[in-house]
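Okay, structure first, notes after.
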Amino acid sequence: GLPRPPMAPLAAPRRSRQVMVGPVPVGGGAPVSVQSMTTTPTADVNATLQQIAELTAAGCQIVRVAVPSQDDADALPAIARKSRIPVIADIHFQPRYVFAAIDAGCAAVRVNPGNIKQFDDKVGQIAQAASAAGIPIRIGVNAGSLDPRLLRKHGRATPEALVESALWECSLFEEHGFHDIKLSVKHNDPVVMVRAYRLLAEACPYPLHLGVTEAGPAFQGTIKSAVAFGVLLAGGIGDTIRVSLSAPPVEEIKVGTQILESLGLRQRGLEIVSCPSCGRAQVDVYTLAERVTAALEGFPVPLRVAVMGCVVNGPGEAREADLGVASGNGKGQIFVQGKVVATVPEAQIVETLVAHAVQIAEDLGVD
Ligand code: SF4
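Heads up: the sequence shown begins at 1 in my numbering, then just goes up one per residue.
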C-alpha cells in the first residue's frame, strides 16, 4: 500500500564531483536529473520560453538552448530570466557568445575548449568568467565532430578516441585551475557509447551527462537510450541524462523520466500495470489501459493501477497494486489494494477508478 518505500538502487552511484546547474545538483550522489534541448530558434524568445514551459511541465529539470548567432546570444538574458528551470547555453565556436551567456545569467555553458583554443587566451578567460559567475562548463564530445587528429590516430570514433578527446578538452580548463566540469561522450551506437562512458568514469572525477547521439525517431531512439542508459545507470554511472529523439522534446522528457523510474532511481508517479491480454480477455485491454492512463495522468500521488482483461487472474495478478480493475461479462470488478470493492458496468470503469484514486489521495491528505 501507499506510500511505498523507495527501492534500493541496483548499484551504488559512482563517486563524482558535484556541480550546480542553477539550483540543480549534478553528480556527487545527487539524484539523476533529466534534461532536454529546445528546438525553436533561440532568438525567438516567446517560442523558446513557451517550449521551455512545456518541458518544465513535463518534468524537465535542465534545458539547453543552441546559440549559433548573435541574435540568439542577444535572446539569452530574457530566456535565462524567465525560464523556471536552469538554462544551459550551447556554443560551438564563438568565445564572445560564451561571455554573453555568462553575463546573461545562464546556469551553465556547453563549450568545447578545443574549438576555441586558437583564440589566444580565451580558454583562460572563460575559466575565469565561469568561476566568477559560479557556473559549470559542460564539455560534450560527439563521435560526429571528433578531432581529426584523434580520428587519424584511432582510425574511427572508438570509445578510446572519444575518451582521449574528452580528457584532452578537460585538460585545457584544468590548466587554468578550472574543475567545475560535466562531461559527455556521445555516440549513436549504444555499445560504443557504453564502453566510452565506462572508460571515462574510471579516468576522471567529473559528473557525466549521458546521451546516445542521433538516436533516431521516437521508437528506435527510445530503445537505444533505454538500453544504453540502463546498462550504465544500473552500474552507478551517469549523473544527468538527455534522451535524443527526432521528436518533440517533451517526448524526450517522458522517456528519460520513465527510464529513471524503471531503474528505481526515481519514485514512480503513475504506473499502469496492464496485462498483455490473451484469449481469456473479455475487454479491449489496450484501449482501457490507455483511457485509465489518460484519466490519471499527472495525479498528485504515486499510484500503481492494474488493468486486467479477465476476472480469472485479474485480482490475483493485481494484488500489489493500489487500485485495479478486472473485466468480465461487460462489467468491471474494481479492487483497492487487492480487494474487490465494487462491480460496475464497463462504461463506468474509468470514472470509478478515478473516484477511488481521489479517495486514496484524500486519505493521504493530498488535494
Ligand atoms: Fe489473460 Fe486475464 Fe491474464 Fe489478462 S489477466 S493476460 S486476460 S488471463
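Just so you know, even glycine gets a beta-carbon here, dropped at the ideal spot from N, CA and C. Model, not experiment: these values are computed from the prediction.
If you ignore the 5 residues before and after L233, its C-beta comes within less than 6 Å of the C-beta of L263, all in its own chain and listed in chain order. Annotation: the continuous beta strand (DSSP E) that includes T343 extends over K339 to P345. The criterion of a C-beta distance shorter than 8 Å is not satisfied by I253 and C106. Near ligand 1, meaning a beta-carbon closer than 6 Å to one of its heavy atoms, we find C275, P276, S277, C278, R280, A281, M308, G309, C310, V312, N313, G314 and E317. Unbroken alpha helix (DSSP H) stretches of 4 residues or longer found wholly inside the stretch 187-235: 190-203 and 218-234, given in chain order.
Looking at A78, S165, T39 and P86, the one whose alpha-carbon comes closest to that of T56 is P86. Beyond the five residues adjoining it in sequence on each side, E169 comes within less than 7 Å, by CB distance, of N112, P113, G114, I139 and V141 in the same chain, given in chain order. Note: G324 is bridge-paired with A306 and F335 in the DSSP secondary-structure output. G256 has its alpha-carbon roughly 21 Å from the corresponding atom of Q50. Per the coordinates, the alpha-carbon of A281 lies some 33 Å from the alpha-carbon of P217. Annotated as distal: V250 and V273, with beta-carbon spacing of 8 Å or more.
Under DSSP, L55 forms no beta bridge with any residue.
Taking a contact to require three or more Cβ pairs closer than 8 Å, the stretch 8-26 and the stretch 36-51 do not qualify as touching.
Looking at the DSSP output, R64 sits in a beta bridge with M37 and I88.
Here the stretch 17-28 makes contact with the stretch 80-95; the two share three or more CB pairs at distances below 8 Å. I334 and V344 do touch by the CB rule: their CB atoms are close to 6 Å apart, below 8 Å.
P25 has M20 as its beta-bridge partners, per DSSP. Following the DSSP letters along the chain, one finds A43 in no alpha helix (DSSP H), marked with neither H nor E. Taking a contact to require three or more Cβ pairs closer than 8 Å, the stretch 122-138 and the stretch 156-174 qualify as touching.
P159 places its beta carbon 8 Å or farther from that of V109. DSSP places G140 in the uninterrupted beta strand (DSSP E) bounded by I137 to N142. The three-state secondary structure of T287, taken from DSSP, is helix. If you compare the alpha carbons of R15, S33, P190 and V19 with that of R242, the shortest gap goes to S33.
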